[in-house]
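Numbered per mature numbering (1 follows the signal peptide of the UniProt record, and there is no 0), the sequence shown spans residues -24 to -1, 1 to 193. Notes for the one structure printed next.
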Amino acid sequence: MKTERPKMKRLIAALMMLATPLHAEGEAAREFDYYVLALSWTPTWCALEGDRRESPQCDAGRGYGFTLHGLWPQYETGWPSYCRTPERSATRGQTAAMVDIMGSSGLAFHQWRKHGVCTGLDAEDYFDLSRLAYAQVTRPAAIRDLGREVTLPARVIEDAFLEANPELSADGVTVTCRADRVQEVRVCLTRDLEPRTCGRDVIRDCALDDALLSPMR
């Protein structure tokens, strides 16, 4: 009986690993399968975090809507982060140049340090690729021009993106929520930035029928 217990523990541990998305941290930058383009709805971030931090991104009149949260390398299941890389760190000038679409240079530096280093690109090329990916996805005008706070099914946001981007498919776009609010839209792209189906750990959508969507400031 005593010899069976270690075997059982190892089996349970193995099953738990199979059931959990694999997240590799601190490994060397290497091949990955695809990208997730994460677009953050700034009013949600401001309501939950930015206002408390007194972030200038949340000031009235700044007009930030769907900003670039990041371009994330993914495996078919799981993702790498904080990879070891021979590339030099991003400079202040490079991160400051991303403020127009990311909202802050601090976020740009964090995205390079956590995700960019896993792409095998240097910082300049990573930010150029991120800007190109962001530019090729149309953010629906109806959401940007909302003008007031509403509650709606989260799937409405996905439908709006699919209508504005006919080349995307329902399995290639996912909407996330946080604290009962619409948080992000994530678009799955090949390494050549072509639309593709999301991996099974990314594809799950927010199922809320009454998600809160605050207007741009």
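Each residue gets a CB set at the ideal place from its N, CA and C atoms; glycine is no exception.
| Using the beta-carbon count (16 or more within 10 Å), is PRO56 buried or exposed? | buried
| said: Which runs of the alpha helix (DSSP H) at least 4 residues long sit entirely within the segment 43 to 73? Give them in chain order. | reply: 68 to 72
| Proximal residues to HIS91 (C-beta, below 6 angstroms), its chain only, five neighbours per side dropped | GLY46 and TRP48
| Does the beta-carbon of LEU83 have 16 or more other beta-carbons within 10 angstroms, so that it is buried, or is it exposed? | buried
| In this structure, what does DSSP give as the bridge partners for ARG162? | ALA14 and THR150
| query | Roughly how many whole angstroms lie between the Cα atoms of PHE42 and GLU3? | reply | 31 angstroms
| request: Determine, using beta carbons only, whether ARG157 and ALA73 come nearer to each other than 9 angstroms. | output: no
| query | Distance, Cα to Cα, CYS164 vs PHE103? | reply | 17 angstroms
| said: Pairs of beta-carbons, one from the segment 112 to 125 and one from the segment 135 to 155, closer than 8 angstroms: are there three or more? | reply: yes
| task | To the nearest angstrom, report how far apart LEU128 and ASP185 are at their CA atoms. | result | 6 angstroms
| field | Integer-rounded CB distance, given that ALA117 should sit under 8 angstroms from ALA187 | value | Contact doesn't hold; Cβ gap of about 20 angstroms is too wide.
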